[in-house]
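Read through the structure below, which is laid out as structure tokens, and then see the notes.
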Amino acid sequence: MNHWYHSWVAAVRIARRDAWRFKGRSSLVLAMIALPILGVSAADLTLRSAELSTEQQMERDLGAADARVSDPGMGGVPIHQSPDGRNYMTVENFDNKPWPEGSADIRAAFPAGAKILKDTSGSGKLRTEHGLLNTVIHELDATDPMAKGLMTLHQGRFPDKAGEIAATAHFLEASGLEVGSELTARGLATEYRIVGSYELPGALKSDEVLARPGTFLAPLDKALKADGLPGTAAGSTYLVSVDGDGFTWNMVKKANAHGAVVTSRAVALTPPADSEVPLHQRDDWSDYEQSTAARTAELAAIGTVVGLAMLEICLLAGPAFAVGARRSRRQLGLVGANGGDRRHIRAIVLSGGLVIGFAAAVVGTALGLLLTFVLRPLLEDYMGQRFGSFDVRPLELLGIGLLAVLTGLLAAIVPAVTASRQTVLASLTGRRGVRRSSRLLPVVGLIATGLGIAITLFGATATDSIVIVAGGSALAELGIVALTPALVGLFGKLGGWLPLSPRLALRDAVRNRGRTAPAVAAVLAAVAGTVAVATYATSDDVQQRAAYQARLPHGAVTVSDTEGGGRGVPALRTAVQKHFPVDVRADVGRIVVGNANCEPYSDVKGCGRYELVVPEDNRCALWSQDLPGAKELSPAERRELSEDWRCQEGGQYTDQEVLVADEKLLSVLAIDDPAVVGALKSGKAVSFDRRNVEEGQIGVKLITDTKKADLMTQRGEDAPGEIKSFPVHQAPESVQSYGLNVVLPAQAVKAAGLTTVPLGSYFSAGTLPDSTQRQRLDAALDVLGTDGGLYVEEGYISDNSIVLLALTVFAGLVTIGAAGIATGLAQTDAEPDLKTLAAVGAPPRVRRTLSGFQCGVVAAMGVVLGSAAGVLPAIGLRLTEEHQQLKWYERDLDAGMGGMTDPPYVPIVVPWETLAALLVAVPVGAALLAALVTRSRTAVARRAAG
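Numbering (numbering that gives the first Met the number 0), first residue to last: 0 to 945.
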């Protein structure tokens, strides 16, 4: 035991001295191992620091209060809730009854003697230096002790009287205002002075202002409604503080009996058992947390990624250790000459991996800690929340550091074994022995490759498991890595077809497979990952392009505004025409039932809605299958009915299925059918869905009592309402309407006595607006305080070009690095031959040319093998997706949704441009780079005998 310890101590000392002597090589390997450790340790620190403890989360949610009580708007009916208050259900089943609505008697839910602090939030458009900014308006007495912890004061103070507000730092930055500025809201003449700035620790990017209770929201809401605009939509919760043990679970259940939902600090810190939670005992309750199988699959995926990353580092670092062992072969020979055996030689080389792995662990972890600490403000700003604390978990960082040590040891194993097999005489004289390649390794690799391919195809076609596909792909890649020495030998047969320099480089690579194979395998692994992702991304891009449905003709533009009866629409139209290249402008309006200021689908009192009347004979039988008393249909009947023309859906939807417009709209939508255009010009409505037409007429039902209409619809009855009929022209099915159902001419709508308001406009343009024009229009819309519902039809836009470029660059860098390491090792091995060539009169460029071709040969072999290996996982994943989507499609057909869905289209497309860049540009670039950095001349020295 003592002898073993001292021999390893000596080996570590020798390895540490060698690492210090060859600083360049050591730094290269250290960087390769330390960079992933830096990233993982920094990510661990960031995620752990951002992960709040229960106490920290409660402080941000409740401040110093014991609970927050809120009204879910269910009319005060008793409810069951989860301990965290995120999920709740009514005690009574309302499946066949009207859903309860309205406010609860929230104060009845408060325990006796509790202290209450009202917390109210709404929204409004505030005037800034740049225009109008939609902002959260918060009313709370921030000086109350219960509010401590909800927000952090940065500058000034919180408001303590009417006419004062505080604002978040993000709002001040976005608005161009500062502490001391005056601020007003749209629709309200009252000025408010900003007396302080603060931040919300859990929402740093929130645009919010804080006022005293009752001083901002109520007057603003009153003024907006008086002006016919939507109100502030204010809602309140209540912070509650009680004596004793806090707001207990029994208090929570009592509050639930009054229809209130409670978030309690005491319950969060000490949750009740599931047996004490009524919600968890219900048959109709489902816990949607991640399943054990899903967690297992996630861990397996993470383990696969980590394992492949370690393999890549080992393959890259292994040749570097081999270079070190080769350069130190005389020293290793002296160890053997002085009584050291193969164990000691292996220990010295392995100690090199141990020393550099340990150094990489220390450096990577330390830099991860330092960078996370220094970049903490930037990380918090990027994540939009403050860290709970700087949470350093030593055991996790130790585990990450041990990965570095393990990686270093694994990378040094093959060089250690190779170095220990050299004879003492060969090491001392510098002779290079010839060792036959292993016959077992290619057989194992071939079996692993075949088995991996079989597992991948089985997982893709017979199961839906991505884990099986990933595991099979990883096994196949490992098999190809094991086959690499044999495949390198096959490449050697191409040498006879090459000129002198590349032939020498190829034969040298084949002859010395021990150093060539790891570098080729490293390139293979990097390129395989790149090709796999690129193939999947390209295939998915083609699929998304095929599935894309344009909302408008290419280049068309639309804007809309439903607030205040469309009073802001004229300004929107002018802004678009001013800043965009417009050919045709088509103004459109919408039908309003009730108050002209009502928004579509509003449930505000005095507001109704309209709907198109579908004649009885044109209704799809599937529409009524879920109504009470309806006949139960079999899957076969649903499939048959879904093919009926009455059950076919276009797949495109718009916010307004009926527009009031003239023939200019048809021009913008590129509808040039003469009959359609002529009908609209003559005052006839135009329908694009024949289900709505009966005997040349179309009906629009005006519904004034929306609640009664909803109740009757639930019963399967027609909603009550007055029907207005219009003569209509049915457009051919070949006409593309982009989701519109009906276009009504203004004169026909006016004759029918319907109320209409401006909605917006459609624009056609000869060219797409450029970036400058978009920015100018965005600035104009900011001044108006709206985005105007702006939409520009640019067609399908792919984001994959940047992804593919990044992947190509990554693979290129890894390829050049691996090939460079192999070239360095080749130069070390071939130094005697190069000196002999120089001695016999070879031109200096031969050394440079040979070096370049050696690097290019390694890169080319790795890229070719990696390209072939990378297609497999992509094919497996795409086949898995196709299998899943076919299953879902069959379920949709059985459910009668065949008229709404198309058969799945899951193409497999090879990214030929990326492959061409990898197969041509990367090896050529690697060869040129190696040739440029290689010295042409070297001192002529005596070649060792033998």
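In this text, a Cβ means the ideal position worked out from N, Cα and C, and glycines have one as well.
Does residue i come out as helix, strand or coil in the three-state DSSP assignment?
i, result
"E395", "helix"
"Y888", "helix"
"Q289", "Only weak support is given to the placement of Q289: the predicted model assigns it a pLDDT of 49, under 50, and the question is left unresolved by the model."
"H279", "helix"
"M0", "Caution applies to M0, whose pLDDT of 47 falls short of 50 and renders its modelled position unreliable; the value that the coordinates give is listed next. Of the three classes helix, strand and coil, the one that applies to M0 here is coil, per DSSP."
"C619", "coil"
"A926", "helix"
"V591", "strand"
"G101", "strand"
"Y381", "helix"
"C646", "helix"
"M73", "strand"
"A64", "coil"
"S472", "helix"
"S274", "helix"
"D709", "helix"
"E912", "helix"
"D586", "strand"
"L353", "helix"
Going by DSSP, name the residue or residues bridged to residue i.
i, result
"Q80", "Y87"
"D901", "The partner list for D901 (beta bridge, DSSP) is empty, contrary to what the question assumes."
"S196", "Q154 and A166"
"G698", "V612 and S724"
"C606", "G593"
"Y600", "DSSP, once it has assigned bridges, lists no residue as partnering Y600."
"G234", "S120"
"V581", "Answer is none; V581 lacks a bridge partner."
"E181", "R192"
"S263", "A66"
"A686", "Here residue 686 is Ser; the residue named in the question, Ala, does not match the sequence. Note: S686 sits in a beta bridge opposite Q729 and V741."
Looking only at C-alpha atoms, which of the options sits nearest to residue i?
i, options, result
"V11", "P484, G752, A545 and A346", "A346"
"Y197", "A838, V208, Q774 and G765", "V208"
"A669", "F762, D709, T653 and Y609", "F762"
"L984", "A894, R15 and L871", "Any answer about residue 984 is impossible in this case: the structure gives the chain only from 0 up to 945."
"G234", "G258, E138, F157 and R185", "E138"
"Q746", "N740, L739 and T754", "T754"
"I702", "L664, C606, Q772 and P731", "C606"
"V468", "A481, I479 and I454", "I454"
"A141", "A64, K96 and V556", "A64"
"D616", "R645, G494 and A674", "R645"
"E732", "R689, P757, G387 and Q713", "R689"
"E562", "L783, Q56 and A107", "L783"
"A161", "D143, L216 and A108", "L216"
"Q713", "K96, L199, M73 and G186", "K96"
Could you give the distance in angstroms between the alpha-carbon of residue i and the alpha-carbon of residue j?
i, j, result
"N691", "L611", "7 Å"
"L486", "P903", "39 Å"
"D118", "R566", "33 Å"
"P517", "L523", "9 Å"
"E721", "S559", "27 Å"
"A890", "T879", "Sequence check: residue 890 is Arg here, not Ala. Their backbone Cα atoms lie some 17 Å apart in a straight line."
"D901", "L892", "10 Å"
"A858", "P922", "5 Å"
"H882", "L29", "44 Å"
"R15", "P271", "57 Å"
"A944", "K834", "Because the pLDDT of A944 is 46, which lies under 50, any placement of that residue in the model is unreliable, and the question is left without a value."
"L440", "L482", "7 Å"
"T573", "G363", "58 Å"
"V932", "G924", "12 Å"
"H578", "K663", "20 Å"
"P110", "R392", "41 Å"
"L44", "L171", "31 Å"
"L27", "V466", "34 Å"
Does the Cβ of residue i lie closer than 7 Å to at least one heavy atom of the ligand HEM?
i, result
"L758", "In terms of ligand content, the structure shown is empty, and the ligand HEM therefore cannot be addressed."
For a minimum of 3 consecutive residues, which ranges assigned as the beta strand (DSSP E) are wholly contained in the region 113 to 174? 114 to 126, 131 to 138, 151 to 155 and 163 to 167
Can you list the alpha helix (DSSP H) stretches of 4 or more residues lying completely in the region 711 to 778, in chain order? 745 to 750
In chain order, which continuous runs of the alpha helix (DSSP H) of length 4 or greater are located wholly inside the region 510 to 579? 512 to 546 and 568 to 578
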